[in-house]
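Here is the structure we will look at.
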Amino acid sequence: MIADKKRQTLLPLNGSLSSKAHFLITHLWLPLLFFLAALWWIESRELDFQLEDYLYRLNHRNWDNGITDFLALYFHDAPKIFLKRMVMFLWAFALLAVLLHENMPVRYTGIIKLRRWFSHYRSGLFFLSIFLPLGPFLTNVFKHTTHIDCPWHLVRYGGEHAFQSIFSLPTRGDGHCFPSSHASTGFGLLAAYFFAREYFYRYRFHVLSVAVSAGSVFGLTQMYRGAHFLSHVIGSMALCWFVALAGYCVWVHLRSDEERQGVKEQ
């Protein structure tokens, strides 16, 4: 009975109707409500302007200074390099998982043990290698279709463009700032939350907090540089969350019975 409950917790889409409903409420409908409410509240209260006005004054009305250069190097360029290397590492692990498939003849004991380990995590590694970078990738694609300007482009902050709300859905313009692609470098780690939910259930919220913290820090540094509003960061988090959620649903549905059994027995 305990094993069945654990399985329904880990694999909600294959569990009872109540577990599916609980999963959809906590992972789809509540997050959707939160993100929509947050964006509406930020827009209605003009929090984007309030925060950016404060940061603009903090930068002495000049986005181009030594502090922003430091942030650009260590909180903009470095995280991108780190993400690329992490993805390459995951792809290498996924390739190794393919090479160590059960049907491949193996003679050495160490490789047999390694293959047994991969048999439990193979599909999870594929999930991470695809959906961890997919969130940031789609964010980068999407921002080129919204035509929303960065703060430093606006007349209010020394630029030349007029402000356009994210709810106005502009169809033309030179802006490519919503959602924040740089914050998505951190929020892309939300895919790791779903990985932990399957394999390391006890630590799932630890992983979630790391992903949210990383994306928030990267987003806030971009706000300090005048590159994004708070709503841009929230939009990035939302997109990465729902991309990871969609990937998780597909992954759980396609997993082999052998691997599900291995997770249940852990």
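For the record, in the sequence shown the residue sitting at position 211 is 963 according to our numbering, with numbers rising by one throughout.
Just so you know, even glycine gets a beta-carbon here, dropped at the ideal spot from N, CA and C.
Given the structure is predicted, the values throughout are model-derived calculations rather than measurements.
Beta-ladder partner(s) of residue i, from DSSP
i	result
residue 980	Bridge partners of residue 980: none, in fact.
residue 906	913
Contact check, residue i vs residue j, beta carbons under 9 Å
i	j	result
residue 975	residue 903	yes
residue 938	residue 899	no
residue 887	residue 960	no
residue 980	residue 935	yes
residue 919	residue 804	no
residue 993	residue 783	yes
residue 846	residue 822	no
residue 986	residue 931	yes
residue 978	residue 807	yes
residue 940	residue 967	yes
Whole-Å CB distance - residue i paired with residue j, under 8 Å assumed
i	j	result
residue 791	residue 933	Not really, about 17 Å apart at Cβ, beyond 8 Å.
residue 944	residue 880	7 Å
residue 839	residue 884	7 Å
residue 875	residue 1007	5 Å
residue 970	residue 834	Not quite, the Cβ-Cβ distance comes to about 11 Å (not below 8 Å), so this is no contact.
residue 996	residue 946	6 Å
Buried or exposed by the 16-neighbour rule on C-beta atoms within 10 Å, applied to residue i
i	result
residue 770	exposed
residue 798	exposed
residue 909	buried
residue 1005	exposed
residue 922	exposed
residue 952	exposed
residue 844	exposed
residue 1000	buried
residue 897	exposed
residue 942	buried
residue 893	exposed
residue 1017	Caution applies to residue 1017, whose pLDDT of 47 falls short of 50 and renders its modelled position unreliable; the value that the coordinates give is listed next. Exposed, because fewer than 16 other Cβ atoms sit within 10 Å of the Cβ of residue 1017.
residue 907	exposed
residue 949	buried
If you scan the segment 764-817 from start to end, which runs of the alpha helix (DSSP H) of 4 or more residues do you find wholly inside it? 769-776, 782-796 and 799-810
Starting from the N-terminal side, write out each stretch of the beta strand (DSSP E) that is 3 residues or longer and does not extend beyond the segment 980-1005. none
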